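A.B. asks: Chains as they are written, first to last, in the numbering used here: chain S, 1 to 948; chain X, 949 to 1018.
1) Beta carbons nearer than 9 Å to chain S: which residues of the region 966-990 of chain X have them?
2) Can you look up residue 916 of chain S in the DSSP assignment and give me helix, strand or coil?
3) Residue 491 of chain S lies in the alpha helix (DSSP H); which residues open and close that run?
4) Determine the direct distance from the alpha carbon of residue 816 of chain S to that of residue 437 of chain S, and round the result to whole angstroms.
5) So with CB distances below 8 Å, who are the chain S contacts of residue 1004 of chain X?
6) For residue 957 of chain S and residue 569 of chain S, what's the separation of their Cα atoms in angstroms?
7) Please list, in chain order, all residues of the same chain as residue 800 of chain S whose beta carbon is under 8 Å from its beta carbon, the five residues on each side excluded.
8) Pick helix, strand or coil for residue 602 of chain S, following the three-state DSSP scheme.
9) Who are the neighbours of residue 963 of chain X on chain S, taking C-beta pairs under 9 Å?
10) Whose C-beta lies closer than 6 Å to the C-beta of residue 681 of chain S among residues of the same chain, with five residues either side of it excluded?
11) Looking at C-alpha atoms only, which residue of S:35, S:768, S:91, S:454 is the closest neighbour of residue 19 of chain S?
12) State whether the region 394-405 of chain S contacts the region 924-932 of chain S, with contact taken as three or more CB pairs (one from each stretch) at a distance under 8 Å.
13) Measure from the alpha carbon of residue 146 of chain S to the alpha carbon of each residue in S:154, S:108, S:176, then state which is nearest.
14) Residues bridged to residue 952 of chain S by DSSP?
15) Let's see if you can read the secondary structure: which residues bound the beta strand (DSSP E) around residue 189 of chain S?
16) Quick one: what's got a C-beta closer than 7 Å to residue 509 of chain S's C-beta in the same chain, skipping five residues either side?
17) Using a C-beta cutoff of 8 Å, does residue 620 of chain S count as contacting chain X?
18) List the residues of chain X that residue 466 of chain S touches, going by C-beta distances under 9 Å, in chain order.
19) To the nearest whole angstrom, what separates the beta carbons of residue 737 of chain S and residue 693 of chain S, a pair I think is in contact under 8 Å?
20) Measure from the alpha carbon of residue 407 of chain S to the alpha carbon of each residue in S:381, S:452, S:391, then state which is nearest.
21) With a 10 Å radius around its C-beta and 16 neighbouring C-beta atoms as the bar for buried, classify residue 175 of chain S as buried or exposed.
22) Is the shortest distance between the beta-carbon of residue 599 of chain S and the beta-carbons of chain X less than 8 Å?
23) Taking the C-alpha atoms as reference points, what is the distance between residue 663 of chain S and residue 359 of chain S?
24) Within 10 Å of its beta-carbon, does residue 1016 of chain X have 16 or more other beta-carbons around it, so buried, or fewer, so exposed?
25) What residues of chain X sit near residue 628 of chain S, judged by a beta carbon separation below 8 Å?
26) By alpha-carbon positions, which one of S:559, S:413, S:465, S:3 ends up nearest to residue 475 of chain S?
27) Quick one, which of S:818, S:813, S:829 has its alpha-carbon nearest residue 861 of chain S's?
28) According to the neighbour-count rule (16 or more other Cβ atoms, all chains shown, within 10 Å of its Cβ), is residue 496 of chain S buried or exposed?
29) Using alpha carbons as the reference points, say which of S:624, S:533, S:796 lies closest to residue 493 of chain S.
30) Jot down the residue ranges of each uninterrupted alpha helix (DSSP H) in the region 679-759 of chain S, minimum 4 residues, whole runs only, in chain order.
31) Please give me, in chain order, every unbroken run of the alpha helix (DSSP H) with length at least 4 that falls completely inside the region 28-68 of chain S.
32) Taking the alpha-carbon positions, what's the residue 456 of chain S to residue 615 of chain S distance?
33) Over what stretch of residues does the beta strand (DSSP E) that includes residue 862 of chain S continue unbroken?
34) Among S:564, S:363, S:29, which residue has its Cα nearest to the Cα of residue 598 of chain S?
35) Determine, using beta carbons only, whether residue 634 of chain S comes closer than 8 Å to chain X.
36) Check whether the region 441-448 of chain S touches the region 850-865 of chain S, taking contact to mean three or more Cβ pairs, one atom from each stretch, closer than 8 Å.
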């Protein structure tokens, strides 16, 4: 594709059943009622001059460039704010309009630098285009009058500059911040000639303001006023390729805009159905890690982890690895080997890793990083609904009347979807937040939660059961839905259970810490407020009752009839880009792709015939079980693709001990991550920019990842896995990931209709895609549940065994923030560190005062598992008795303090509840010092021998 | 593997199914272990015996033993 801007229709698309037909410049056009004249003209190929209009924000009517004449009407109305009417006769180009537009343009240009040849817009400038469109030849007013040309550029943001001398005050940036992002960080300061775009207060620059660097303003700017630094440095792109972001589970699609093999910028793709043309600071800007100096591009091996790494050829690395794996298998059996697939990698790569483990290693010891995030979603939704996936698409939220957010922080972890949610909330939908912290959604510009239930960490099930109690005992159940769609025997058991007095909000108030009246009001609102949608995250799953909580959520949705149509549903917000896909691909040790249990003989036979192997019938080890088994010597080798379990998994010292006990640890990644300190083989990985494949987002939406540059290491990740398989004697001969997807479709009923060709033609598909749903399913369970009747499951509240006490009186809960991603391997290697250069500990003022702490102090955070030090941030965002931190930085390693406790059904770690003590500190802990020293040694790379 | 950890896991499963009543809870606990535990974990729990197991988990283990010795 050669480079050109995406078409801009000027005003947003209107969705209306009624249509109107009008004539524009003699051409008839039919559009949905309410469509602007500007958009209608654009849809038939016209281009009415415009400056303040763009199709991702509402019409504003300020620039006076888009004037038209309409037969029978006086004056020259703005086409952006004039809705089409039946029979309307519009002229977009007349001598009168020409004169008016040229006059307006003269005024703009009289206060604009005439530096087009050196301007950072690089000729990609709407102001320049519109000057050309009106045939501007001279400016009668001259350029010597009062102007803004001497204003200084704000370069504070690491990714874009703000040059007010080029600003035409069209307000597109302000409106994009308001309407698209919903942060309302920008404003027009002053009046008349003094009007200027301002980020926050007059003392603020972009970096110190509330701007979240989503890039919406930069995208909206029609001049070089807001401009990416990369465009200033590199120049205008020459081509663009649509691909899918590799950060969170929203799955934004972007145009990777390129010059040669150099990425100039990532611009959100307006046709992307997940992001609808929006982005966040990570996807839009934080891609610099792809070319970071820390990237390892040559394979490396070593016999023992106390040796330095030795760079070798691919052939030597693969032979070394296969030799180790074969020897261990021969001596200790197939079940001594296993692998971990990555939610950061493509479906095809994930499918091949689990295939290598099952068909090559000969065991089912394959697991994925969803083990530590959404495995309870898999268990809970499979049990209640029949399949392990969220029920809605993201567009659904625009039809919601009541939005319940539990254990999720969408503005930080899923920011692009959060912007959609905030837009709906500004339209009047009601919000219920159930979270120990006062997350930003609770109160932000033009948004205030109707109810925030600040529950005590670990009491999700009690709170949801109490809500169910209110709904059942106050007669708020949607009886028709339950009768028609659900298993009645199970419902009646459940209803009897939740109706017991011991589950009332009043009875449980002391347990949950949630005032009973608030909880009752929230339950009533959810049950009676119209379309009710539940969104949840890892604050639900990462508990000892994570699976129970997911089932309690499903119960609540079924009891209130909130399943099977737009605006409702159960929506797990997936952490990483391909968590859904990794789970779909058979990454769990007990099931094959499409969530089919290994005990299903027919399914096993299908795979055995296709792969020409005999599969082990027994479930394999989960990640924590692998580490346990390593310590007893029964698990000895692991292939880890794209995951850093040492930093991300709980109880770091136990993870380290497990890894250290293994004979062969193979890390396949971009960087020498923390896990690689314990590895014997390092296989360099490729970034999402360097590979082809697919990701599946939280909506079950499968989207293409397209290669925009050659892999720095020479191989895409699927090719590395194939090479390893073949080194072990398998005979794989894939030449493109599309062939892997064909195999997935052949073996997986829910993917039967998926192919790269269809994805290329249609942009995306939401599984299931098969005979029953030939074009996919934006909303699941519309006519019936996948399992037939929806199953209510009695979820008894079982308190966690992790208890506070005199030694550890506080509860630690962990999470993530906007600018960093997961273990930070990518974002720490970008300018995002400007916003978050270290993990900090949030602590309530009362708890801080009791310990003599103030913000910025070093503190020691200790649990029965370990201790670390970090800085304190005193804030009432957390409740007394609760502390909070992130896990983005290896220097902190927050998981040194988290415990071995996990979800009863899935072993998903209980990251969200750890009893801790916080005390003043004056330096790193022994463990931190020891680890830093060990990591330094483990990362040594032997100098390459000079060539003969 | 650490027998204490396996006992803890089995008890945790049993405790969460206990609300179903003993008979159903025993069956559900057994079914869960069969479906989600690796063979060595089952074998090691059997080898460990019943010490430390809750009544439901103990009965589930007995049924597991019967299944595996059949």
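Each residue gets a CB set at the ideal place from its N, CA and C atoms; glycine is no exception.
These figures come from a predicted structure and were not determined experimentally.
C.D. replies: According to the structure shown:
1) 966, 967, 968, 980, 982, 983, 984, 985, 986, 987, 988, 989, 990
2) Along the first chain, read from residue 1 onward, the residue named residue 916 of chain S stands at position 916. In this structure, residue 916 of chain S counts as strand in the three-state DSSP scheme.
3) One-based indexing of the first chain puts residue 491 of chain S at position 491. Unbroken alpha helix (DSSP H) run through residue 491 of chain S: 488-499.
4) The count along the first chain starts at 1 and reaches residue 437 of chain S at position 437. The count along the first chain starts at 1 and reaches residue 816 of chain S at position 816. Each residue's Cα considered, the two are about 13 Å apart.
5) The sequence position of residue 1004 of chain X within the second chain is 56, counting from 1. Result: empty, since nearest Cβ-Cβ is about 13 Å, beyond 8 Å.
6) The structure shown does not extend to residue 957 of chain S, since chain S spans only 1 to 948, so no value can be given for it.
7) Taking the first chain and counting its residues from 1, one reaches residue 800 of chain S at position 800. If we look at residue 800 of chain S and ignore the five residues flanking it on each side, its Cβ neighbours are 458, 543, 544, 545, 901, 910, 913.
8) Here the question's residue 602 of chain S lines up with position 602 in the first chain. Residue state for residue 602 of chain S is assigned as helix, using DSSP reduced to three classes.
9) Residue 963 of chain X sits at position 15 when you count from the first residue of the second chain. By Cβ distance, chain S contributes 796, 798, 904.
10) Within the first chain, numbered from 1, the residue matching residue 681 of chain S stands at position 681. Within the same chain, residue 681 of chain S has close Cβ partners 301, 321, 666.
11) On the first chain, position 19 is the one that residue 19 of chain S refers to. Minimum Cα distance to residue 19 of chain S is reached at S:35.
12) When Cβ pairs closer than 8 Å are counted between the two stretches, the region 394-405 of chain S is seen not to touch the region 924-932 of chain S, the count staying below three.
13) On the first chain, position 146 is the one that residue 146 of chain S refers to. Residue S:108 is the option with its Cα nearest to residue 146 of chain S.
14) This structure gives no information on residue 952 of chain S, because the portion of chain S shown stretches from 1 to 948.
15) Along the first chain, one-based indexing puts residue 189 of chain S at 189. Residues 186-189.
16) As a working note, residue 509 of chain S is residue 509 in the first chain. Result list for residue 509 of chain S: 515, 516, in chain order.
17) For the purposes of this step, residue 620 of chain S is taken as residue 620 along the first chain, with counting starting at 1. Closer than 8 Å: yes.
18) In the first chain, residue 466 of chain S corresponds to position 466, counting from 1. By Cβ distance, chain X contributes nothing, its closest Cβ being about 16 Å from residue 466 of chain S, past 9 Å.
19) The sequence position of residue 737 of chain S within the first chain is 737, counting from 1. The sequence position of residue 693 of chain S within the first chain is 693, counting from 1. The pair is a contact, with the Cβ atoms about 5 Å apart (cut-off 8 Å).
20) Reading the first chain from its first residue, position 407 is the one you call residue 407 of chain S. The shortest Cα separation from residue 407 of chain S among S:381, S:452, S:391 belongs to S:452.
21) Position 175 of the first chain, counted from the first residue, corresponds to residue 175 of chain S. Counting C-beta atoms within 10 angstroms of its own C-beta, residue 175 of chain S has 16 or more neighbours from the protein chains shown and is therefore classed as buried.
22) Along the first chain, one-based indexing puts residue 599 of chain S at 599. Yes, contact with chain X.
23) The residue you call residue 663 of chain S lines up with position 663 of the first chain. The residue you call residue 359 of chain S lines up with position 359 of the first chain. Taking the straight line from one Cα to the other gives about 21 Å.
24) In the second chain, residue 1016 of chain X corresponds to position 68, counting from 1. An exposed status is given to residue 1016 of chain X, since fewer than 16 other beta-carbon atoms sit within 10 Å of its beta-carbon.
25) Walking along the first chain from the start, residue 628 of chain S turns up at place 628. Per Cβ cutoff of 8 Å: 949, 950, 953.
26) Position 475 of the first chain, counted from the start, is the residue given in the question as residue 475 of chain S. Here the closest residue by C-alpha is S:559.
27) Here the question's residue 861 of chain S lines up with position 861 in the first chain. Of the candidates S:818, S:813, S:829, the one whose C-alpha sits nearest the C-alpha of residue 861 of chain S is S:813.
28) By 1-based counting over the first chain, the position of residue 496 of chain S is 496. Residue 496 of chain S should be labelled exposed.
29) Reading the first chain from its first residue, position 493 is the one you call residue 493 of chain S. Residue S:796 is the option with its Cα nearest to residue 493 of chain S.
30) 717-727, 737-747
31) Counting only runs of 4 or more, we get 37-43.
32) As a first step, residue 456 of chain S is located in the first chain; it is residue number 456 there, counting from the start. As a first step, residue 615 of chain S is located in the first chain; it is residue number 615 there, counting from the start. Straight across, the Cα-Cα distance linking residue 456 of chain S with residue 615 of chain S is about 45 Å.
33) Sequence index remark: in the first chain, residue 862 of chain S carries index 862 (1-based). 858-862 is the span of the beta strand (DSSP E), which, as asked, contains residue 862 of chain S.
34) Locating residue 598 of chain S in the first chain gives position 598, counting from the first residue. If we check each option's Cα against that of residue 598 of chain S, S:363 comes out closest.
35) Locating residue 634 of chain S in the first chain gives position 634, counting from the first residue. It does: the Cβ of residue 634 of chain S has a partner Cβ on chain X nearer than 8 Å.
36) no
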